[in-house]
Structures are given as C-alpha cells and as structure tokens.
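Reading through the structure tokens given below for one structure.
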Amino acid sequence: MGDVTVREAAVGDVDAAALAEAYRDAYAANSELGFPAKAGSATPEQVTEWIREHRVFVAEQAGEVIGGVRLERVDDSVAKLSRLGVRERWKGEGIGSRLLERAERAAREAGAATMRLTTPGEHPFLPEFYHAHGYEIVDDYPLSFREYDEVVMEKSLD
0 MGDVTVREAA VGDVDAAALA EAYRDAYAAN SELGFPAKAG SATPEQVTEW IREHRVFVAE
60 QAGEVIGGVR LERVDDSVAK LSRLGVRERW KGEGIGSRLL ERAERAAREA GAATMRLTTP
120 GEHPFLPEFY HAHGYEIVDD YPLSFREYDE VVMEKSLD
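For the sequence shown, counting from 1, position 55 maps to 54 in numbering that gives the first Met the number 0; every step adds exactly one.
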C-alpha cells in the first residue's frame, strides 16, 4: 500500500477537509457499535481549531490523509491523547499504533511523565488496544450526554 508517513500538522499545511473526512470515516464504525463521538461529525473548521489549539499528528499515504490524533497538555506532567482515528480501509495496518507512538514521543519530549486518555469501557476492542500499548484503567469517566460511560486510562512515559 505504499509508505505511510506520520507528521505533526500545522494550520495551512494539511487539508482540514480531508482530515475531517478521515475522522468521520474512522469513527463511523464506533457509532454503529453504539459509541458515537464528536470526531464522528468533525468539520474542517473544527479540525483547524484542533490544530491551532493543540498538537495534531496526521498519517498520510501518497498525499492522502488516512488518520490523525490530537495531543493536549493537561499540566506540566500530564498530556491527554484524543481523537485517534484511522480511515476504515487502513484499520489493521498498524497506523493507529504509529500515531499513538508519535503522540507519546512528542509528549515525552515536551516533558510529560504521564499520558492520559478516555475511551468507552464497554467498547469491543479499544480498551484492549490501549492496554496492549501499556495503558491501564485508573478511573471511571461517567458521561451524562451519552448512552455509555468511559474509563480513564493512563500510561507512564518515563
């Protein structure tokens, strides 16, 4: 399928419409499983704002945006991972792992000691995906605006 690159996005150097479409495609399966998320309805304007306010990494192949992940700073020692998504036809190719690892490296280089994320606790594969990458459930994260709750998972970056 060709070489896939993972890089940090900057406003104006990534097609926000293409990244928004990648997120909508990536999150469609979660909605079908009963776990809708905001990224499933991402707009180019929202994606541009994410890039402007946080750090966003994109996966690309032959100029096509195939996935992304958002990294936020919580405080001096904690970074938060969110909006990890890979286009449906690329799932299972290790792209999600590469995006996750790139975000972890960036957080570590910025001085974070811990990476945090939330994910649906009852999801059929996401908690296991993160656990396989060293994340452990540390708390519950109830959602009053969804039909499901999430869990907080963390990983030491030391």
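Glycine included, each C-beta is placed from N, C-alpha and C at the ideal position. Computed from a predicted model, the values in this text were never measured in an experiment.
Taking a contact to require three or more Cβ pairs closer than 8 Å, the stretch 12 to 21 and the stretch 32 to 50 qualify as touching. Ranked by Cα distance from residue 121, the first of 39, 110, 139, 111 is 139.
Assigned with DSSP and collapsed to three states, residue 115 falls in strand. Rounded to whole angstroms, the Cβ separation of residue 55 and residue 69 is 5 Å, and the two are in contact under 8 Å. Out of 142, 118, 112, 105, the CA that lies nearest to the CA of residue 77 is found in 112. In the three-state reduction of the DSSP assignment, residue 66 falls in the strand class, which pools E and B. Per DSSP, the continuous beta strand (DSSP E) segment holding residue 4 begins and ends at 3 to 7. Annotation for residue 10: 47, 50, 51 place their beta carbon closer than 8 Å to its own, counting only its chain and skipping 5 residues before and after. Inside the stretch 9 to 75, DSSP marks whole beta strand (DSSP E) runs of 3 or more residues at positions 54 to 60, 63 to 72, from first to last along the chain.
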